[in-house]
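Mapping of the sequence shown onto UniProt numbering: residues 1 to 265, in sequence order. Shown next, in structure tokens, is the structure this report addresses.
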Amino acid sequence: MTNEAQVNHLDQALSKIESLITLLSSNTHGRNAESRSGLAAHAAIPFASVQPSSSGPMTGEQLEPGMHSSQQQQKQPKKDKKSPKESSVAAVPATSGDGLFYRAQLQVVKVLTVEDTESTKLLRTTIDIGNSQTRQVVAGLKGHILAEQLQGSMRVAILNLKPAKLAGMASEAMLLAADAPQESGAELVRLLIPPDGSDAGDKVFLEGGEAPAEYAKTLKSEPWKIIVENLSVQGGKAIYEEKALVTAKGAIMLPQEMPDGAGIH
Numbered sequence: 001m002t003n004e005a006q007v008n009h010l011d012q013a014l015s016k017i018e019s020l021i022t023l024l025s026s027n028t029h030g031r032n033a034e035s036r037s038g039l040a041a042h043a044a045i046p047f048a049s050v051q052p053s054s055s056g057p058m059t060g061e062q063l064e065p066g067m068h069s070s071q072q073q074q075k076q077p078k079k080d081k082k083s084p085k086e087s088s089v090a091a092v093p094a095t096s097g098d099g100l101f102y103r104a105q106l107q108v109v110k111v112l113t114v115e116d117t118e119s120t121k122l123l124r125t126t127i128d129i130g131n132s133q134t135r136q137v138v139a140g141l142k143g144h145i146l147a148e149q150l151q152g153s154m155r156v157a158i159l160n161l162k163p164a165k166l167a168g169m170a171s172e173a174m175l176l177a178a179d180a181p182q183e184s185g186a187e188l189v190r191l192l193i194p195p196d197g198s199d200a201g202d203k204v205f206l207e208g209g210e211a212p213a214e215y216a217k218t219l220k221s222e223p224w225k226i227i228v229e230n231l232s233v234q235g236g237k238a239i240y241e242e243k244a245l246v247t248a249k250g251a252i253m254l255p256q257e258m259p260d261g262a263g264i265h
């Protein structure tokens, strides 16, 4: 082969090599471009929001950007569950009927001591209200009952009226009595009588019912006034509206001389 032929052959070989290099470079560039394009597209929507389907409502809540569904569920604030006691409407105190009566804490007491006072109407007493507790009561009973008859006797008192001062003396409860006018113009006053076998602390309730477990700390004067207006004597018994006042041991009574219709306070 001549030198000229060898040169031509070499040029052809180099030309083919350059073509192969160009082809390889072109293919590699295309694949890299596709790869970069795919990565860019993927990077553009890594946390795409889920959109509602036009065919119907979504079964789950829309996710916030960048949040997995389990994280979204964890983020949802828990609804406070109020107990029935918290959500219920506060009870309104009764203003009539049995409910009103049971706002008054009536119970049996024992009169421990009786002292005279400078007042023409008042006696100062100490009463046992049960559970080894005592209270001072100033009562307008002078001239209606002898001190020796009162001392040591079992009576009925209301304990949750607001404490008062009578002639400068503290009175922490009130003994219940019936009164009625007499033909002479004088007033007949007699204390209520608990059933035989009563103990200090026995609760007073209405016949057919039961005493509440607890009472309001203080009964205001207005509801007590309404209760008193419905207390009376009927057939020798203490009555509220048409129901007898009783304890677990029997009825609350009045002396025989106390007429029907007499008020109790």
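Quick reminder that beta carbons are idealized off the backbone N, C-alpha and C, glycines included. In this text the structure is predicted, and so the values were computed from the model without any measurement.
- Task: Decide if the segment 169–184 is in contact with the segment 195–203; the criterion is three or more beta carbon pairs, one per stretch, under 8 Å apart.
- Result: no
- Chain-order list of residues whose beta-carbon lies under 8 Å from that of Q182 (same chain, five-residue window excluded): Along the sequence shown, read from residue 1 onward, the residue named residue 182 stands at position 182. Once the five neighbours on either side are set aside, the close Cβ partners of Q182 are L188.
- Message: My output table needs one value for S221: the three-state DSSP class, helix, strand or coil.
- Response: Within the sequence shown, numbered from 1, the residue matching residue 221 stands at position 221. In the structure shown, S221 sits in a helix (DSSP, three-state: H, G or I).
- Item | Host alpha helix (DSSP H) of L231 (start-end) | Position 231 of the sequence shown, counting from 1, holds the residue named residue 231. From DSSP, L231 is part of no alpha helix (DSSP H) but of the beta strand (DSSP E) over 231–234.
- What's the C-alpha gap between Q234 and R124? Taking the sequence shown and counting its residues from 1, the one referred to as residue 234 is at position 234. Taking the sequence shown and counting its residues from 1, the one referred to as residue 124 is at position 124. Whole-angstrom Cα-Cα distance: 30 Å.
- Leaving aside the five residues before and after T117 along the sequence, list all residues of the same chain whose C-beta is less than 6 Å from its C-beta, in chain order. As a first step, residue 117 must be located in the sequence shown, where it is residue number 117. Answer for T117: R124, listed in chain order.
- Task: Please confirm whether L161 and L219 have their CB atoms less than 7 Å apart.
- Result: Along the sequence shown, one-based indexing puts residue 161 at 161. Along the sequence shown, one-based indexing puts residue 219 at 219. Result yes, Cβ atoms of L161 and L219 sit closer than 7 Å.
- Query: Within 7 Å (strictly less), CB to CB, does Y240 reach chain D?
  - Reply: Absent from the structure: chain D. Only one protein chain is present.
- Query: Between which two residues does the beta strand (DSSP E) carrying E148 extend?
  - Reply: As a position in the sequence shown, residue 148 is number 148, starting the count at 1. No beta strand (DSSP E) holds E148; the alpha helix (DSSP H) holding it covers 147–150.
- Going by C-alpha distance, which of G97, V138, V204, S132 is nearest K249? Your numbering for residue 249 matches position 249 in the sequence shown. It is V204 whose Cα lies nearest to the Cα of K249.
- Reduced DSSP secondary structure (H/G/I, E/B, other) of I127: If you number the sequence shown from 1, residue 127 lands on position 127. DSSP places I127 in strand when its eight states are reduced to three.
- Item | Nearest-angstrom Cα separation, counted from Q105 out to S153 | The residue labelled residue 153 in the question sits at position 153 within the sequence shown. The residue labelled residue 105 in the question sits at position 105 within the sequence shown. The alpha-carbon atoms of S153 and Q105 are separated by roughly 20 Å.
- Taking just the CA atoms, how far does K142 sit from V114? Position 114 of the sequence shown, counted from the start, is the residue given in the question as residue 114. Position 142 of the sequence shown, counted from the start, is the residue given in the question as residue 142. Distance between the alpha carbons of V114 and K142 is about 11 Å.
- Message: Please classify T120 as buried or exposed, where buried requires at least 16 other C-beta atoms within 10 Å of its C-beta.
- Response: One-based indexing of the sequence shown puts residue 120 at position 120. Under this definition T120 is an exposed residue.
- Query: Which value, in whole angstroms, describes the spacing of the CA atoms of V156 and E148?
  - Reply: The residue given as residue 156 occupies position 156 in the sequence shown. The residue given as residue 148 occupies position 148 in the sequence shown. Whole-angstrom Cα-Cα distance: 18 Å.
- Item | beta strand (DSSP E) segment containing L100, residue limits | As a working note, residue 100 is residue 100 in the sequence shown. Where L100 is concerned, there is no enclosing beta strand (DSSP E), although the alpha helix (DSSP H) it sits in stretches over 97–101.
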